[in-house]
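Read through the structure below, which is laid out as structure tokens, and then see the notes.
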Amino acid sequence: MRKYCNIVKNKLNMLIRNMEKNVSDFVVDPKRDFVRKSELSFSKTMKFILGMGSQSLGSELMEFYGLDQKSVSVSAVVQ
């Protein structure tokens, strides 16, 4: 079972990386969305959203980033 979970996780990560290569196909405004180099990249945003549970956004961010100083704020996610 664990091996199957790793296969699914690896496949999902590969799909997200491929989506990031063609990010303009998945955003509203390709000239503005995800063009800057920031901690909240397209792939991290996708992984964060897919892994979210039912907690508050702040709690979910804390769980995702832990105590990392590079974590993003709630307002950064909402914008």
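Quick note on this note's numbering: the sequence shown kicks off at 510 and runs consecutively. Glycine is no exception: its CB is placed at the ideal position from the N, C-alpha and C atoms. In this text, all values refer to a predicted model and were calculated from it rather than measured experimentally.
query: With DSSP run on the structure shown, which of helix, strand or coil describes Lys579?
result: As a first step, residue 579 must be located in the sequence shown, where it is residue number 70. If DSSP states are grouped into helix, strand and coil, Lys579 belongs with coil.
Under the three-state DSSP convention, the category Gly567 falls into: Stepping through the sequence shown from its first residue, residue 567 is reached at position 58. Here Gly567 sits in helix by DSSP.
- prompt: What does a CB cutoff of less than 8 Å around Leu549 pick up in its chain, not counting 5 residues either side in sequence?
  reply: Taking the first residue of the sequence shown as position 1, residue 549 is located at position 40. Excluding positions up to five away in sequence, the list reads Val581, Ala585 and Val586.
query: Helix, strand or coil: which one does DSSP assign to Met561?
result: Translated into the one-based positions of the sequence shown, residue 561 becomes position 52. DSSP places Met561 in coil when its eight states are reduced to three.
task: Starting from Glu529, trace the alpha helix (DSSP H) both ways and give me its first and last residue.
output: The count along the sequence shown starts at 1 and reaches residue 529 at position 20. Taken as a continuous stretch (DSSP letters only), the alpha helix (DSSP H) holding Glu529 covers Arg511 to Lys530.
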